[in-house]
Amino acid sequence: MANLISLPLHEKVPRRNTLSRALRLLILFLLLSLLIYRVQHLGSHGPIWLIAFLCESWFTFIWVLNTNTRWNLVDQKTYPDRLLERLQELPLVDMFVTTADPLLEPPIVTVNTVLSLLAIDYPSHKLACYVSDDGASPITFYSLIEAFEFAKLWVPFCKKYGVRVRAPFMYFSTEPEVPSGYSSDDFVRQWKEMKVQYEELDRKIKEAVQKSSVPDHLMDHFEDFSNINHQNHRSIVKVIWEKKEKIPNGIPHLVYVAREKRPKQPHHYKAGAMNVLTRVSGVMTNAPFMLNVDCDMFVNNPQVVLHAMCFFMGNGKEIENGFVQFPQMFYGGLKDDPFGNHVIVLQEYVQHGTAGIQGPLYGGTGCFHRRKVIYGQLPDCKGTKLSIFNSINGFGDSTEFSKSVVPIMSGKYEESSSPSDFSATLEAAKEVADCQYEFNTRWGKEVGWVYGSATEDVLTGLKIHSMGWRSVYCTPEQPAFLGCAPMGGPATLSQMKRWVTGLLEILVGEHNPLLATLITSLSFRQSLAYLTIIVWAPQSIPELCYAALPAFCLLTNTSFLPKASDPWMIVSATLFILPNLYSLMEYFQCGQSIRAWWNNQRMSRITASTSCLFGILDVILKLLGVSETIFQITRKDQSATDNGTDVDAGRFTFDSSPIFVPATVIVLVHMTALVVGLLGVWLPVFGGPPGLGEIVCSTWVVLSFFPFVKGLFGKGSYGIPWSTLCKSAALAFFFLNFCTRFRSF
């Protein structure tokens, strides 16, 4: 029998993807061939072919980026049992949960996430859970107090019976499974009692939300929330539970944090909240490893911390791992992903692909970090450099926090390095949570989560990779975390707009990955992997132009595709069919249906003409100094059931936001163009009539935007508002008028 000490804690398994590589190279060859053909015939076809050439050049560039990402797919397998055999003492871990709005992010959602964290399979005296409430809501604080009371029953119940899913709302949504070795009657009785207790917790929290008040007998705990202004208040740090006994059983520390906010003081949204949590936890528990999750991403695999530690606590290459990212997966999703926001295929190939380069991108939730990496230490730095955290030039002027940095940076952290009494650290914790603490420091630059983008996760991960650290993508058989995806058109497009805005801020800022690969330790292929998602916003321009070409050609009797008699028409047709078949193959490999593939295809077209376009506008206004980008919170709706049986659940919804105007214009223009083309009412100009290719492409565009076609005739939230229709009709008329003028050109 092999010595457990010599066995690896994890294994890296490259995937065989010969067929995928061959298909991608074939498609790339066809794209390059079409570009050459375009160049050779530009002089005889005018500006339409030039626009087509520029768009197709961009699409070729995107194909190269995606090919780079998918070239070396890697899987990782972990062995938590070997970790437990090898280590006498497991390291401390601080767990961060972030929430910002009790209306958009209901407290019961946050409570379920916190309860799942408190009940994970890890020594409880090694854990601390910090909840950041950027809304400074007394209801959220009250919910956590009630959650702790329930945790006294819930945590022992989970540990005793080996419960697999430890978010109560999800666990109680199904019938109980009697664990082996226990009496069915006893277990079912306790299960029912526990369910009653959770339903009472749920009732109390929802009642408090509805009344916007807390019970009178708890008012003594809420002095700091008296007449509070959510955008103008001092820092609040409250210890809900301090675990003083250093024994593995029980409930971990639970701390509530509401950082100070003042008018006209920059708060840096989630990145600022994460940096405050890092400092508060530094003076209170100072764990060398940190986990951050969104308030709706509950722990679905109770051994998640052990899986992560397999990549941190080994030998050799493990010491170069800066963070361990788990996939974002969702529960209760609609059948076939009608809004394309589960990003299953994107994660499968981008994250597994980058795992074969320098490591996966940081996804903002479900991620474990080395604290010293967040503090800015390089992989080859063995000791501590006191100059980096010298007072105002580094980590700030808190003596307590500076002391906590020393053992982390030197690698000599021990359990004894964390304070034995939380009450002695409360004042220091409040100090480092003040909004002015970061002035004249390196926080948000070289230290902590990086400021300057609405997608602070990608930017921070880019900084970590640029420092020379690697990252790991961990996908245990039982998903580690599950969250809820947005429902409906407005929520989906709003979330995508926030993403693409933040990504574009990275592209045009000082942290551009191409620049980073020249002056830092970021590898060239890793920089291309970052570009794969960072260029989502600018991709909307060629997407819109190319989508307009078929309609323009039908309305002006021109052509942007080779004629049917031209042999190059076969190349164009192949480039239309083959990439779609390749994409469909990827969906099949991920266990997705044809309907899911189509839903994601059409949503990618819709978001390109809506969210991405408005993301560009936001960044332009920011660069011009007209306005700042706004961090919009996505509504979280907790439901443990699959809504796929509801015929209306997946229908696209609309509101009066201008974000729906561009896509509506596209639909109106193409519907008009198809009528003109199919009826043969040509607008004569040089050249022959448009061919079948333009009609097929225009039909494809209409099908891609079919939710908007239905919205033209829908009612209520399922119909496009009249204000949007009027604006869109005016812009469509402008386009038609332009086509008429082009005819006489």
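Position in the sequence shown (from 1) plus 4 gives the number in my numbering. No residue lacks a Cβ here, since even glycine has one placed at the ideal position from N, Cα and C.
#1: Determine the burial state of Cys730: buried for a count of at least 16 other Cβ atoms within 10 Å of its Cβ, exposed for fewer.
#2: CB Phe485 to CB Val354, shorter than 8 Å?
#3: Between Val169 and His129, what straight-line distance do the alpha-carbon atoms span, to the nearest angstrom?
#4: The alpha helix (DSSP H) that contains Gly487, what's its start and end?
#5: Buried or exposed: Arg19, going by 16 or more other Cβ atoms within 10 Å of its Cβ?
#6: Whole-angstrom Cβ separation of Pro160 and Gln307, contact assumed at under 8 Å?
#7: Within 10 Å of its beta-carbon, does Gly47 have 16 or more other beta-carbons around it, so buried, or fewer, so exposed?
#8: Identify the continuous alpha helix (DSSP H) that holds Arg374 and give its terminal residues.
#9: In the DSSP assignment, the alpha helix (DSSP H) including Cys133 goes from what residue to what residue?
#10: Given that a residue counts as buried once 16 or more other Cβ atoms are within 10 Å of its Cβ, and exposed if not, what is Pro662?
#11: Give the DSSP-derived three-state secondary structure of Gly329 in the structure shown.
#12: Going straight from the alpha carbon of Lys416 to that of Leu108, what length do you get?
#13: Span of the alpha helix (DSSP H) holding Pro4?
#14: Answer yes or no: does any C-beta atom of chain D fall closer than 8 Å to that of Glu197?
#15: Suppose only complete runs of 3+ residues qualify. What are the beta strand (DSSP E) ranges in the stretch 428-516, listed by chain order?
#16: Should Val451 go down as buried or exposed, given a rule of 16 or more other Cβ atoms within 10 Å for buried?
#17: Alpha carbon to alpha carbon, how far is Phe405 from Pro411? Give it in angstroms, no decimals.
#18: Classify Ala428: buried if its beta carbon has 16 or more other beta carbons within 10 angstroms, exposed otherwise.
#19: Could you compute how far the alpha carbon of Met675 sits from the alpha carbon of Leu38?
#20: Among Asn603, Leu497, Cys557, Gly487, which has the Cα closest to the Cα of Asn116?
#21: Report the option in Leu205, Ile523, Ala667 whose CA atom is closest to the CA atom of Ser544.
#22: Three or more beta-carbon pairs under 8 Å between the stretch 536-555 and the stretch 600-620, yes or no?
#23: Cα separation between Trp158 and Ile510?
#24: Suppose the cutoff is 6 Å on Cβ atoms and the five residues either side in sequence are ignored; what does the same chain contact list for Thr649 look like?
#25: Pull up the CB-CB distance for Ile361 and Asn741, whole angstroms please, since I reckon it's below 8 Å.
#26: Which runs of the beta strand (DSSP E) fall wholly inside the stretch 268-323 and span at least 3 residues, in chain order?
#27: Near Val192, which residues of its chain fall below 8 Å by C-beta distance, leaving aside the five closest residues on each side in sequence?
#28: Within the same chain, show all residues whose beta-carbon is closer than 6 Å to that of Thr114, passing over the 5 residues directly before and after it, in chain order.
#29: Give me the Cβ distance between Val152 and Trp245, rounded to the nearest whole Å; I'm assuming they're in contact under 8 Å.
#30: List the residues that DSSP assigns as beta-bridge partners of Glu15.
#31: Looking only at C-alpha atoms, which of Phe327, Tyr477, His271 sits nearest to Lys81?
#32: Out of Ser721, Ser708, Pro480, which one is the CA nearest neighbour of His14?
#33: Out of Trp473, Glu460, Phe528, Ser531, point me to the one whose CA is closest to Gly506's CA.
#34: What runs of the alpha helix (DSSP H), each 4 residues or longer, lie entirely inside the stretch 23-60?
#35: Would you tell me roughly how many angstroms separate the C-alpha atoms of Pro2 and Phe664, rounded to the nearest one?
#36: Going along the chain, which residues of its own chain have a beta-carbon closer than 8 Å to the beta-carbon of Lys156, five neighbours each way excluded?
Quick look at the numbers:
#1: In this structure Cys730 is exposed. Its beta-carbon is surrounded by fewer than 16 other beta-carbon atoms within 10 angstroms.
#2: The criterion of a C-beta distance shorter than 8 Å is not satisfied by Phe485 and Val354.
#3: One C-alpha to the other measures close to 21 Å.
#4: First-last for Gly487: 485-487, but that is the beta strand (DSSP E), not the alpha helix (DSSP H).
#5: Counting Cβ neighbours within 10 Å, Arg19 comes out exposed, since fewer than 16 surround it.
#6: About 18 Å separates the beta carbons of Pro160 and Gln307, which is beyond the 8 Å limit, so they are not a contact pair.
#7: Gly47 should be labelled exposed.
#8: Boundaries for Arg374: no alpha helix (DSSP H) harbours it, while the beta strand (DSSP E) harbouring it runs 371-374, taken from the DSSP string.
#9: Following the DSSP letters along the chain, one finds Cys133 in no alpha helix (DSSP H) but inside the beta strand (DSSP E) bounded by residues 131-137.
#10: Exposed: under 16 other Cβ atoms inside 10 Å.
#11: The sequence as given places Gln at residue 329; Gly does not occur at that position. Residue state, collapsed to three classes: strand.
#12: Straight-line spacing of the CA atoms in Lys416 and Leu108 works out to 42 Å.
#13: Residue 4 is absent from the structure shown; the chain starts at 5 and stops at 749.
#14: In summary, chain D is missing from the structure at hand, where a single protein chain is found.
#15: If we require 3 residues or more, the beta strand (DSSP E) runs fully inside the stretch 428-516 come out as 474-477, 485-487.
#16: It counts as buried.
#17: Taking the straight line from one Cα to the other gives about 11 Å.
#18: Exposed, since its Cβ has fewer than 16 Cβ neighbours within 10 Å.
#19: Distance between the alpha carbons of Met675 and Leu38: 28 Å.
#20: It is Gly487.
#21: Per the Cα distances, Ala667.
#22: Contact holds: three or more Cβ-Cβ distances are below 8 Å.
#23: Ile510 has its alpha-carbon roughly 43 Å from the corresponding atom of Trp158.
#24: Annotation note: pLDDT 47 at Thr649 (below 50); position unreliable, coordinate value reported separately. Once the five neighbours on either side are set aside, Thr649 has no close Cβ partner at all.
#25: Rounded to whole angstroms, the Cβ separation of Ile361 and Asn741 is 49 Å, and the two are not in contact under 8 Å.
#26: Unbroken beta strand (DSSP E) stretches of 3 residues or longer found wholly inside the stretch 268-323: 293-298, given in chain order.
#27: So the qualifying residues of the chain are Pro180, Val182.
#28: Closer than 6 Å at the Cβ level, and outside the excluded window around Thr114, lie Thr103, Cys299.
#29: Correcting the residue type first, residue 152 is Phe in the shown sequence and not Val. Indeed, because the Cβ distance is near 5 Å, the residues count as touching under 8 Å.
#30: According to DSSP, Glu15 bridges with Lys81.
#31: Distances from the CA of Lys81 to each of Phe327, Tyr477, His271 were compared; the closest alpha carbon is that of Tyr477.
#32: With distances taken between Cα atoms, His14 lies closest to Pro480.
#33: Answer by Cα proximity: Glu460.
#34: Counting whole runs of 4 or more residues, the stretch 23-60 contains the alpha helix (DSSP H) stretches 46-49.
#35: What is shown of the chain runs 5 to 749, which leaves residue 2 out entirely.
#36: Result list for Lys156: Ile255, in chain order.
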